[in-house]
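Below is one structure, written out as structure tokens; comments come after it.
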Ligand SMILES: Cc1cc2nc3c(=O)[nH]c(=O)nc-3n(C[C@H](O)[C@H](O)[C@H](O)COP(=O)(O)OP(=O)(O)OC[C@H]3O[C@@H](n4cnc5c(N)ncnc54)[C@H](O)[C@@H]3O)c2cc1C
Ligand SMILES: Cc1cc2nc3c(=O)[nH]c(=O)nc-3n(C[C@H](O)[C@H](O)[C@H](O)COP(=O)(O)OP(=O)(O)OC[C@H]3O[C@@H](n4cnc5c(N)ncnc54)[C@H](O)[C@@H]3O)c2cc1C
Ligand SMILES: Cc1cc2nc3c(=O)[nH]c(=O)nc-3n(C[C@H](O)[C@H](O)[C@H](O)COP(=O)(O)O)c2cc1C
Ligand SMILES: Cc1cc2nc3c(=O)[nH]c(=O)nc-3n(C[C@H](O)[C@H](O)[C@H](O)COP(=O)(O)O)c2cc1C
Ligand code: FES
Ligand code: FES
């Protein structure tokens, strides 16, 4: 019997595979087909204070081994989530993290405060890849100071698990990881999507209404692994590894690179049961090798060198 | 008859498709198979002052629609290049840009000075994705100040075409583009490889001897397009678009996004004549649409919005 | 929605570069209603990465059929399927045509190009009712027409190589006066420009009309928010093509 | 080096999960020498992205053969080829075995697992000379042996299901004394650990030995610098597996 569960900041995850924010709705769309209670955890679509309609079409386009999206955080808003979606999630026997998005620090706080009043939520994941109205729309996620401030402000308001979800679109993600740790985050999630673009050469128009969007899927797996390795080498708090995980082998690469657990995103669109299958595959891998605890894989990369910001000659 | 040629800083390129540095050796490996004079231009493997042996194996691994490399800039050194390789390149009727790599600003200057004494070189492309010995090995390419300084120092030493090749592993590539323009660069090349990593789950070892390496190929095309769009929107000097270009359609996407010309890298490994076929495909695309000059495609993206650093809600 | 691994029974070219794929699925076959679609993983590996949605063309017992033309990597992969190959299918998905609603007596089926795809299944359903059926098909040229398993077909081709020369919407418009007497309702599928023109006619003539839309989809079952359709009236700005559609009443959406 | 689009003539399973692919190439066939390889684009699209190198197994007229076992996405794609399919091939590539060098009279061919690949072509060449041939093959088990088109074959299997129980290197070592009298030279191909052990024996016994290496390659013809092989002596630290190899004199490299 392999131990698959893990505790992070007091929250028990039955296995180390969660579904990533925005790639599993609010957990209820697949209930008649998938036993979501077999997942290590469910992370909700990003919730904002008011409902958001999202961006005009086209919002998605497939690229080589990946996809670009520009959903614009379409979501039902935190209040409707509490009234319409949370009741179902309370009935599901797995960890639930509410992902929060906002365009001001006050809004982050307001959304969290509303959720603090509700049971059935084990913790929060903060999406900082959002435009900061005050800074003329520059993403919070690219400012170390703002990420630290958001973390500190939210930390002061909750004892629940607090994870900060970092953007890969920065020079040194380790600086952001350290800032989160210093400000009291319980964990960091690495990575959100990579900024990308595609063009329709017949119409000369961008493939997305917003021109650029977020790249996800297997194409970004090598980038995500490097970011997880960099971040995990920089902090002691757990790292959720995210990016292009399609199968157990991919997930194990992230664990070895230093992720305490992983999140599955785009793969859910291709197979809504992907997360469950991946959790099972990890268990099998350990069984075959006589590994008693999946945790033994975490950071067990057999490498001569630590991660260094030293970009080798590329 | 479609006009395919373009002049950049006095250098005539017969078409807008060059082979990227490090993906075509010194231009002579394929001479018995490919008529390299049909290329818009040849960019040499990065040249350092002394020969470099490069990194230990394994140096490459395939990833989803891409590949990671950690060659370590193995090259014969600038002097051997001048004595053994330049004579052949002089006989090839196409533009030749020497790519320079170094671990100090002085070394960049020294390599350039040696090449300045030689004819048969139309210009230089500067690879700033190199560790700066003085800064403990931190990459020059992630410091706007150092990139500007390198550009200014080299600009003062040559009247030939001077292009700076930027790394995508920064938060805002537009800042680097502006710094290059301000310091007198004639062009910028966007992008070099994206930092990535892969793990062998059987051996638990990294797939590359240096753990992380550079990601290239179709997987990074959306990222490269976004970086080219960002950089081209920020400066007036020409941008060489690079990243995952496998066919004419890909190349046209880059032209529409603002690239004045493109460079083909990884595709050369799969088809050493890829660059020539792509140049031909672009010409055909224009012919079919009655476009008189390939240049009419440059920046002709039909988009409502300019590039903005405003990361939309991802 | 069911996720099953099926067996390919048959693949054959029914028109120029247009193929019908038949697979065996006792789970999906009984559930499908005309206008719904299935989401197929056309190949293993990561490129193409996403499933490809296809309208259900016909159902025969436990055999499910789709019709597709080869345009890009997904359909190229599908064309490579052989009898006995496995096929990873999610479905049925989406909201079907309201074929048994009481608000019409005559079903006017309109298909432009491969928009014909859902019409044969609609015809199968309607035949079992007491509704009348008239069908209008449009194609670029005769060799691209797929006109089997339909009733009362009238054809339009852009090049006039068969039937009416012009668009299928123009053809239908010429017949509307004679149809109006018989409480018609239009059920249409085709390229967006055609549906746009069709909707204009339907709204002007005040004939009820449902269209089946096409557009990029990542999941096909409502969890990615990738397929917005702009709604008219109501408090929500966007509906989801995959979940609230692909069929919509033209009065409810902006095409 | 030639880049051609060839036609697949035949594909068949010659051992457990091991296939021989035959294609028609009047351009490449006459050029290939034993120990060289070809670089095949196993599929269109971008995944798998890079070509896959394969030793040339045999040449018959204008037909070129490779032998491969199915381990990952590239070989899975190859297994899907059918007669008549096109095949995008670059080759021949690399430095062949020095089969007609005067420094030996008896060619000792050693293949571990699919390391047998280049040996039949080497045998074809040697038969035309006055050299003697002895061949040692190793495999995990009998069902994975590919022993056709070879001379004087002796077999070793890890599980003892056929021939000598143990490694092919151990088997060869037992025979060396009797071979030494006839000016032997070893030509070997197989997994790196086997070649490592083999080289040790050859160096100790002072028998000339060439090995064919395997490792990751991006281009296969010298422009990516992706395939370093550590050299012993000389001023260069690394050679290129694809250009200076894949065959090397064991005295020149660190295995
Ligand atoms: C609800 C629904 C039902 C559908 N039903 C059917 C059906 O019954 N039959 C059917 O055939 N299809 C149907 N489709 C469409 C189908 O899902 C696929 O989109 C279609 O098969 C094309 O996919 P592909 O992978 O072959 O082409 P893709 O590779 O996805 O490309 C699609 C098209 O875009 C072009 N393209 C790709 N990239 C670019 C670029 N950078 N610039 C310019 N052009 C580009 C390609 O050339 C191709 O023409 C349906 C779609 C939906 C949403
Ligand atoms: C000069 C030369 C000659 C060759 N000759 C032959 C020949 O004659 N016959 C032959 O069969 N092969 C030969 N090869 C090897 C061949 O080129 C391919 O490498 C082989 O076919 C496997 O490719 P693939 O795409 O099928 O597997 P890949 O997908 O490339 O995977 C290769 C192996 O690595 C494993 N793997 C992939 N990713 C991971 C990961 N993250 N963690 C752990 N394991 C992983 C796969 O499971 C597989 O076992 C030769 C190679 C060279 C360099
Ligand atoms: C369509 C789509 C919508 C997403 N929405 C959100 C979101 O609302 N909040 C968030 O934090 N991340 C969101 N993400 C990012 C994913 O959670 C994940 O970080 C990213 O897709 C990388 O993982 P993957 O490659 O497995 O998809 C979204 C991703 C996709 C593809
Ligand atoms: C194996 C390999 C070696 C490379 N060597 C160099 C180099 O020496 N100097 C340089 O500036 N870029 C080098 N590059 C980067 C390419 O020039 C190019 O910027 C990058 O690969 C992206 O383009 P692509 O996706 O078309 O390959 C190398 C790329 C690869 C794959
Ligand atoms: S395609 Fe994912 S919600 Fe419609
Ligand atoms: S594989 Fe490219 S140099 Fe050897």
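Protein chains in written order, with this note's numbering: chain A, -14 to 299; chain E, -14 to 299; chain L, 45 to 299; chain D, 45 to 299.
Think of the CB as a built atom: it goes at the ideal place given N, C-alpha and C, for glycine as much as any other residue.
- Task: Output the residue ranges of the beta strand (DSSP E) runs that lie fully inside the region 27 to 64 of chain A and measure 3 residues or longer, sorted by chain position.
- Result: Qualifying beta strand (DSSP E) stretches, in chain order: 45 to 48, 51 to 54.
- Item | Euclidean distance between Cα positions of residue 242 of chain D and residue 282 of chain D | For the purposes of this step, residue 242 of chain D is taken as residue 198 along the fourth chain, with counting starting at 1. For the purposes of this step, residue 282 of chain D is taken as residue 238 along the fourth chain, with counting starting at 1. Between the alpha carbons of residue 242 of chain D and residue 282 of chain D lies a gap of roughly 21 Å.
- Which residues in the same chain have their Cβ closer than 6 Å to the Cβ of residue 178 of chain E, if we skip the five residues on either side of it in sequence? Looking up residue 178 of chain E in the second chain gives position 193. Excluding positions up to five away in sequence, the list reads 199, 200, 201.
- Message: Can you determine whether any heavy atom of ligand 6 sits closer than 7 Å to the C-beta of residue 270 of chain D, and answer yes or no?
- Response: Walking along the fourth chain from the start, residue 270 of chain D turns up at place 226. True, at least one ligand heavy atom lies under 7 Å from that Cβ.
- Item | Per-residue DSSP class, three states only, for residue 80 of chain D | Your numbering for residue 80 of chain D matches position 36 in the fourth chain. Note: residue 80 of chain D maps to coil in three-state DSSP.
- Message: Across the region 166 to 181 of chain E and the region 144 to 154 of chain E, are there enough close Cβ pairs to call them in contact, namely three or more that are closer than 8 Å?
- Response: Look at the beta carbons and you see the region 166 to 181 of chain E touching the region 144 to 154 of chain E: at least three pairs across the two are nearer than 8 Å.
- Item | residue 81 of chain A versus residue 108 of chain A - alpha carbon distance | Counting from one through the first chain, the residue named residue 81 of chain A turns up at place 96. Counting from one through the first chain, the residue named residue 108 of chain A turns up at place 123. Between the alpha carbons of residue 81 of chain A and residue 108 of chain A lies a distance of about 7 Å.
- Hey, does residue 20 of chain E have any beta-carbon neighbour from chain D nearer than 8 Å? Counting from one through the second chain, the residue named residue 20 of chain E turns up at place 35. False, the Cβ-Cβ gap to chain D never drops below 8 Å.
- Message: Once DSSP output is grouped into helix, strand and coil, what is the label at residue 127 of chain L?
- Response: Residue numbering aside, residue 127 of chain L sits at position 83 when the third chain is read from its first letter. Reduced to three states, the DSSP call for residue 127 of chain L is coil.
- Task: Reducing DSSP to helix, strand and coil, say where residue 222 of chain L ends up.
- Result: As a position in the third chain, residue 222 of chain L is number 178, starting the count at 1. The DSSP-derived three-state label of residue 222 of chain L is helix.
- Neighbour flag for residue 175 of chain L against chain D, beta carbons, 8 Å: On the third chain, position 131 is the one that residue 175 of chain L refers to. No, its Cβ sits nowhere closer than 8 Å to a Cβ of chain D.
- Query: Hey, quick one: how far does the alpha helix (DSSP H) through residue 104 of chain L stretch, first residue to last?
  - Reply: Stepping through the third chain from its first residue, residue 104 of chain L is reached at position 60. First-last for residue 104 of chain L: 102 to 104, but that is the beta strand (DSSP E), not the alpha helix (DSSP H).
- One or two residues paired with residue 85 of chain L in a DSSP bridge: Translated into positions along the third chain, residue 85 of chain L becomes position 41. DSSP lists L:132 as partners of residue 85 of chain L.
- Message: With a threshold of 7 Å (Cβ to nearest heavy atom), would residue 261 of chain D be considered close to ligand 2?
- Response: If you number the fourth chain from 1, residue 261 of chain D lands on position 217. At least one heavy atom of ligand 2 falls within 7 Å of the beta-carbon of residue 261 of chain D.
- Which runs of the beta strand (DSSP E) spanning at least 3 residues fall entirely within the region 124 to 179 of chain A, listed in chain order? Entirely contained in the region 124 to 179 of chain A, the beta strand (DSSP E) runs reaching 3 residues are, in chain order, 146 to 150, 172 to 175.
- Best match in D:97, D:188, D:257, D:221 for proximity to residue 203 of chain D [C-alpha to C-alpha]: Here residue 203 of chain D refers to the residue found at position 159 of the fourth chain. Of the listed residues, the one whose Cα sits closest to residue 203 of chain D is D:188.
- Is the closest heavy atom of ligand 4 to the C-beta of residue 159 of chain D under 7 Å? Residue mapping note: residue 159 of chain D aligns to position 115 of the fourth chain, counting from 1. No; taking the cut-off as 7 Å, the Cβ of residue 159 of chain D has no heavy atom of ligand 4 nearer than that.
- Message: With a threshold of 8 Å between beta carbons, is residue 89 of chain D in contact with chain L?
- Response: As a working mapping, residue 89 of chain D is identified with position 45 in the fourth chain. Taking Cβ atoms only, chain L reaches closer than 8 Å to residue 89 of chain D, which makes this a yes.
- Item | Between the CA atoms of residue 196 of chain E and residue 260 of chain L - distance to the nearest angstrom | Along the third chain, read from residue 1 onward, the residue named residue 260 of chain L stands at position 216. Along the second chain, read from residue 1 onward, the residue named residue 196 of chain E stands at position 211. Residue 260 of chain L and residue 196 of chain E: Cα-Cα distance of roughly 37 Å.
- Item | beta-carbon residue 85 of chain L near ligand 1 non-hydrogen atom, thresh 7 Å | To locate residue 85 of chain L, count along the third chain from 1; it is residue 41. Not so, every heavy atom of ligand 1 lies at least 7 Å from the Cβ.
- Item | N- and C-terminal bounds of the beta strand (DSSP E) containing residue 120 of chain E | Locating residue 120 of chain E in the second chain gives position 135, counting from the first residue. In the DSSP annotation of this structure, residue 120 of chain E is not part of any beta strand (DSSP E), being labelled neither H nor E.
- Message: Between the alpha carbons of residue 208 of chain E and residue 181 of chain A, how many angstroms are there, rounded?
- Response: For the purposes of this step, residue 208 of chain E is identified with residue 223 of the second chain, where counting begins at 1. For the purposes of this step, residue 181 of chain A is identified with residue 196 of the first chain, where counting begins at 1. Here the alpha carbon of residue 208 of chain E sits roughly 4 Å from the alpha carbon of residue 181 of chain A.
- Per-residue burial, residue -14 of chain E [other beta carbons within 10 Å of its own, 16 or more giving buried]: Position 1 of the second chain, counted from the start, is the residue given in the question as residue -14 of chain E. Under a 10 Å Cβ-count criterion, residue -14 of chain E is classified as exposed, with fewer than 16 other Cβ atoms of the shown protein chains found around its own Cβ.
- Message: Taking a contact to mean a Cβ-Cβ separation below 8 Å, would you say residue 68 of chain D touches residue 51 of chain D in this structure?
- Response: The residue labelled residue 68 of chain D in the question sits at position 24 within the fourth chain. The residue labelled residue 51 of chain D in the question sits at position 7 within the fourth chain. Going by beta carbons, residue 68 of chain D and residue 51 of chain D fall inside the 8 Å limit.
- Give me the Cα-Cα distance between residue 9 of chain E and residue 290 of chain L, rounded to the nearest whole angstrom. Position 24 of the second chain, counted from the first residue, corresponds to residue 9 of chain E. Position 246 of the third chain, counted from the first residue, corresponds to residue 290 of chain L. Take the alpha-carbon of residue 9 of chain E and the one of residue 290 of chain L: they are about 49 Å apart.
- Is residue 89 of chain E near ligand 3, with its Cβ less than 7 Å from a heavy atom? In the second chain, the residue the question calls residue 89 of chain E occupies position 104. Set against 7 Å, the gap from the CB of residue 89 of chain E to the closest heavy atom of ligand 3 is not smaller.
- Item | Pair within 8 Å by beta-carbon distance, residue 116 of chain E and residue 128 of chain E | One-based indexing of the second chain puts residue 116 of chain E at position 131. One-based indexing of the second chain puts residue 128 of chain E at position 143. Remark: C-beta atoms of residue 116 of chain E and residue 128 of chain E do not approach each other more closely than 8 Å.
- Item | Cβ-Cβ distance between residue 221 of chain A and residue 166 of chain A below 8 Å | On the first chain, position 236 is the one that residue 221 of chain A refers to. On the first chain, position 181 is the one that residue 166 of chain A refers to. In this structure, residue 221 of chain A sits near residue 166 of chain A, with a CB-CB distance shorter than 8 Å.
- Item | the region 48 to 60 of chain E / the region 91 to 109 of chain E touching (three or more Cβ pairs under 8 Å) | At 8 Å Cβ cutoff, the stretches do not touch.
- Message: ligand 1 and residue 59 of chain L: does any heavy atom of the ligand fall closer than 7 Å to the residue's C-beta?
- Response: Taking the third chain and counting its residues from 1, the one referred to as residue 59 of chain L is at position 15. Remark: the shortest separation between the CB of residue 59 of chain L and any heavy atom of ligand 1 does not fall under 7 Å.
- Query: What are the residues that DSSP puts in a beta bridge with residue 293 of chain D?
  - Reply: By one-based count along the fourth chain, residue 293 of chain D stands at place 249. Partner(s): D:254.
- Message: Please identify the residue among D:226, D:61, D:47, D:262 whose C-alpha is closest to the C-alpha of residue 17 of chain E.
- Response: Start at 1 with the first residue of the second chain, and residue 17 of chain E comes out as number 32. Restricting attention to D:226, D:61, D:47, D:262, the CA atom closest to the CA of residue 17 of chain E is found in D:47.
- Message: Considering Cα atoms alone, identify which of L:162, L:171, L:214 is closest to residue 182 of chain L.
- Response: Numbered from its first residue, the third chain carries residue 182 of chain L at position 138. For the options L:162, L:171, L:214, the alpha carbon positioned closest to that of residue 182 of chain L is the one of L:214.
- Query: Among residues of its own chain, excluding the 5 on either side of residue 140 of chain L, which ones have a beta-carbon nearer than 7 Å to its beta-carbon?
  - Reply: Position 96 of the third chain, counted from the start, is the residue given in the question as residue 140 of chain L. Same-chain partners within the cutoff: 77, 78, 79, 80, 291.
- Task: Measuring alpha carbon to alpha carbon, tell me which of E:113, E:13, E:130, E:33 ends up nearest residue 73 of chain E.
- Result: To locate residue 73 of chain E, count along the second chain from 1; it is residue 88. Shortest Cα-Cα distance from residue 73 of chain E to any of E:113, E:13, E:130, E:33 involves E:13.
- Task: Just tell me which of D:90, D:271, D:220, D:83 has its CA closest to the CA of residue 150 of chain D.
- Result: Indexing the fourth chain from 1 puts residue 150 of chain D at position 106. Ranked by Cα distance from residue 150 of chain D, the first of D:90, D:271, D:220, D:83 is D:220.
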